[in-house]
Amino acid sequence: MSASKTIGIFISEESIQKRVKEIALEINRDYQNKEIVLVCVLNGSFIFCADLIRQIKLPVQVEMVSLSSYEGTQSSGEVCFRLDVKQSLVGKHVIIIEDIVDTGLTISFLLKHMSLKNLASLKLCSLLLKRARLQIPITIDYLGFDIEDNFVIGYGLDFDGRFRELPYIGVYGE
Ligand code: 5GP
């Protein structure tokens, strides 16, 4: 980190943990008597997904996917797969677990891809949404926080590979 940059706490650890529990309660209620598969979008969602799954009281599996994403603080605009799921998801109830929806381009690509897999159902869970930045309409079934257009880090989110370990969400360079 450059000496001139500071990190302001934007969403506290307590607020995140409270919201994660609330989302898990909703999922537990919505999928009663069903098995679910969480599709964790690497790398940014790994901490959110790990906390969420430990609050899920249903039979649950996890799959990892990796898509191209930001370099630095600018969107590359390109989306492609680096890693796809390892099992057939045909007939499964799938919830995509995303860290943040910004322009919506990444998640739109993944939703389209998943919708071709003959799933029993498909929903989207995102910890964060920058509503003002959306370029395409995206329905988020489970949303943690609707935030302003700041570049955020922590709780899995990085800046050039760093700061994922922070237990809170911070604004970089405030
Ligand atoms: P989108 O395709 O919606 O524009 O971007 C989604 C991806 O961009 C996220 O999964 C995340 O990797 C990255 N991203 C977007 N906004 C931020 C941000 O404020 N902070 C960080 N660390 N990554 C972001």
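To convert, count from 1 in the sequence shown and add 31; that's this note's numbering. A virtual CB, placed ideally from N, CA and C, is assigned to each residue, including glycine.
DSSP places F112 inside the beta strand (DSSP E), whose first and last residues are F112 to L114.
For the pair Y203 and L174, the Cα-to-Cα distance works out to about 22 Å. Taking all protein chains in view, the Cβ of G75 is crowded by 16 or more other Cβ atoms within 10 Å, so the residue is classified as buried. Under the three-state reduction of DSSP, S76 is assigned to coil, being neither helix nor strand. For ligand 1, no non-hydrogen atom lies closer than 6 Å to the CB of D61. Contact between the region 113-129 and the region 59-71 is present, with at least three C-beta pairs closer than 8 Å. Close CB contacts of S43 within its chain, under the 6 Å cut and outside five residues either way in sequence, are with Y199 (chain order).
In this structure, the beta-carbon distance from K161 to D180 falls below 7 Å. For E129, there is no enclosing alpha helix (DSSP H); the residue is part of the beta strand (DSSP E) that begins and ends at H124 to V132.
Burial check for T37: the Cβ neighbour count within 10 Å stays below 16, so the residue is exposed. For G187, the Cβ stays outside the 6 Å cut-off from all heavy atoms of ligand 1.
The region 133-143 and the region 74-91 do not touch, with fewer than three beta-carbon pairs separated by less than 8 Å. Relative to the Cα of R60, the nearest Cα in the group I78, L89 and R193 belongs to L89. Here S46 is not near L73, since their CB atoms are 7 Å or more apart. Going by C-alpha positions, F79 is about 7 Å away from G187. Residue pairing for S157: DSSP places it in a beta bridge opposite E129 and L174.
Taking non-hydrogen atoms of ligand 1 into account, the C-beta of I131 is found less than 6 Å away from one of them.
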